[in-house]
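Worksheet: the structure to be examined is printed underneath.
2 protein chains.
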Amino acid sequence: MPKGQLKGICFHPSKETKCVTCSLSSLCLPISLNFEDIDQLDKIIKRRQPLKKGEHLFHQGDRFDCVYAVRSGSIKNYAMTNDGEEQITNFHLPSELVGMDGIDCDTYPVSAKALETTTVCEIPFSRLEELAKELPELRSQILRIMSRELRDDKQMMMLLSKKNAEQRVATFLTNLSTRFKRRGYSPYTFRLPMSRNEIGNYLGLAVETVSRVFTRFQNNELIAVNGKEVHILNMDDLSELAGLPEQEPRHIEVNASTG
Amino acid sequence: MPKGQLKGICFHPSKETKCVTCSLSSLCLPISLNFEDIDQLDKIIKRRQPLKKGEHLFHQGDRFDCVYAVRSGSIKNYAMTNDGEEQITNFHLPSELVGMDGIDCDTYPVSAKALETTTVCEIPFSRLEELAKELPELRSQILRIMSRELRDDKQMMMLLSKKNAEQRVATFLTNLSTRFKRRGYSPYTFRLPMSRNEIGNYLGLAVETVSRVFTRFQNNELIAVNGKEVHILNMDDLSELAGLPEQEPRHIEVNASTG
DNA sequence: CGATTTATTGAGTGAGGTCAAACTGGGTGG
DNA sequence: CCACCCAGTTTGACCTCACTCAATAAATCG
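Chains as they are written, first to last, in full-length UniProt numbering: chain E, 1 to 259; chain X, 1 to 259.
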């Protein structure tokens, strides 16, 4: 396991960040598009100046006009409950699309804020729709992305309504691990881009509970934690605690069930 | 290839149930389509025999091939957690689309079961995609429906992670009330199609808690309950308890859409 | 460097879960 | 008619998990 991330090489916030050459294209919107189509998509995408930690990509209530693909760094989505509390609804890692839930209501229903220095690709939605007219693959890719988000949300609902604190944190960690792995990073060693507070907020737990669970997991030698650095020491037990296999759609070859 | 749609044979009451004449069309998929387009859509839609209470529309793991619009009755979506417990992820009322979260994974990620006698329109997804190629309005309508479901899911996540039992039940009731109202039924008097158990499961509460909250709400004269019949006596207080305005996207005047 | 935010740990409490028992309404059959 | 059941619902008693409050420790920032 290389501790040095080779990904760093690819990343240049420069003009050469085109979809075709982007290391994330196989996870991102261009998936399953051919070169020509990717090129077309590329033309409507703007690369923006990196966001600094704490800066907003958009605010809840802003006019919906673009969706964004995270290139590097991370984004949190959050909404304000009517008693003024923040509720985090999602964390986005590189290659993930942000802002898709604004489509039907003219304005973004949540805010999007950088958890660290973050670069994104900006995709004007009207032009994406235009392009989708011509590219059936792009069209179904958009649908797939949204439907995946729907499924993830259902998983989250299950977590919130059925799992206890330990299971929630275990699920959170294994979920992150899976996503890091798919992006070419180590699934065992990574840095949490968010604070304990944000983890708790997201998981429906008090900060103190998150902290306590982290401690308990360390005592049980499931993980080792140093600030935001996390090592997963016992993936099997952690996954089992997490419960649902989740995230990886398990294609069951037994669809031929009797009707 | 199309096995000669002999309209007569299919199912009597469906003769007149075409999208154009359907009272739900303004809430359903055909919204914002013109007559010709609706007619096209109509051609790919099959009306099925009514489902009896407890019958399945599809099972978790079945091959994904169709989405369904509820015509009458109601459907619950649920998944099995890996410890064999049922987790309800949604209730669907007439005009609502079922099965959209299966798009990207070949199989339905949840089961769909009739809560009462229920009729649905079956829409083969591949043909819907075909049609969407030609009809931009249909395309964006599909996106809107999914994105709305995304937003509803976020609301649900907030409910599950921040609200207490009373707020959850209040939200549940006002949400149902709103949806009934939009469908032309009384927002004050309606029949719950689901059991207390199912409400609790959905809201992340024990049955007993749901029952107790119902009782408390009656003592406070917020509602009157007789079995599954619910009267909302004090909508204002109930809505306030529910917290978030939710469900009705607050269009901020700016929206100059064609009515 | 102190100042301020963020994280951890401890003690006490309460909302809601669990378990158990009683009640309801509807169906069935004597 | 009543007795009986069965599933769904309600109510009560008790307990537990995670929240709150509070104090300290560690990390981050100016």
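Each residue gets a CB set at the ideal place from its N, CA and C atoms; glycine is no exception.
- Residue pairing by DSSP places E122 (chain X) opposite X:K46 and X:Y68 in a beta bridge.
- The closest CA to that of K228 (chain X), considering only X:N219, X:F214, X:L203 and X:Y78, is found on X:F214.
- In the pairwise beta carbon analysis, the segment 53-60 of chain E is classified as touching the segment 107-116 of chain E: at least three pairs are separated by under 8 Å.
- Per the Cβ contact rule, the segment 42-49 of chain X is not in contact with the segment 162-171 of chain X (fewer than 3 Cβ pairs under 8 Å).
- Separation of T81 (chain X) and Q87 (chain X) (C-alpha to C-alpha, rounded to the nearest whole angstrom) is 7 Å.
- A residue is called buried when at least 16 other Cβ atoms come within 10 angstroms of its Cβ; F172 (chain E) meets this threshold and is buried.
- A direct Cα-to-Cα measurement between N220 (chain E) and N234 (chain E) gives close to 9 Å.
- Distance between C66 (chain X) and V230 (chain X), taken at the CA atoms: about 34 Å.
- DSSP, reduced to helix, strand and coil, places M156 (chain X) within a helical segment of the structure shown.
- The beta carbon of L131 (chain E) sits closer than 7 Å to the beta carbons of Q40, L41, I44 and L138 from its chain, once the five residues preceding and following it are set aside; these are given in chain order.
- Taking a beta-carbon distance threshold of 8 Å, I31 (chain X) does not count as an interface residue toward chain E.
- Proximity of V70 (chain X) to chain E, defined by a Cβ-Cβ separation below 8 Å, is not satisfied.
- The alpha-carbon of G204 (chain E) is positioned some 10 Å away from that of V169 (chain E).
- Runs of alpha helix (DSSP H) with 4 or more residues, each lying fully within the segment 142-214 of chain X, are found at 165-182 and 196-203, listed in chain order.
- In the DSSP assignment, M235 (chain E) forms no beta bridge with any residue.
- Neighbourhood of E129 (chain X) in chain E, by CB distance below 9 Å: P136, R139, S140 and L143, in chain order.
- One alpha carbon belongs to F64 (chain E), the other to C28 (chain E), and they sit about 21 Å apart.
- Excluding five sequence positions before and after L97 (chain X), the CB atoms of its chain that fall closer than 6 Å to its own CB belong to V67, A69 and I145, given in chain order.
- The C-alpha of S147 (chain E) is placed about 10 Å away from the C-alpha of D153 (chain E).
- Taking 7 Å as the upper bound on Cβ-Cβ separation, chain X lies near residues G204 of the UniProt domain "HTH crp-type" (163-236) of chain E.
- Rounded to the nearest whole angstrom, the CA to CA distance from F217 (chain X) to T178 (chain X) is 19 Å.
- Around S74 (chain X), the same chain offers F91, H92, L93, L115, E116, T118 and P193 as residues with beta carbons nearer than 7 Å, after the five sequence neighbours per side are excluded.
- Using a 10 angstroms sphere on the CB of D104 (chain X), the tally of other CB atoms reaches 16 or more, which defines it as buried.
- Considering only beta carbons, the part of the segment 92-110 of chain E lying closer than 9 Å to chain X consists of M100, D101, G102, I103, D104, C105, D106, T107, P109 and V110, in chain order.
- Within chain E, no residue has its beta carbon less than 9 Å from that of T119 (chain X); the closest one is some 19 Å off.
- Within chain X, the residues placing a beta-carbon under 8 Å from that of S147 (chain E) are M100, D101, G102, I103, D104, C105 and M146, ordered along the chain.
- Between V210 (chain E) and I223 (chain E), the gap from beta carbon to beta carbon reaches 8 Å or more.
- If only uninterrupted beta strand (DSSP E) runs of at least 3 residues are considered, those enclosed by the segment 78-134 of chain X are 86-92, 111-114 and 119-124.
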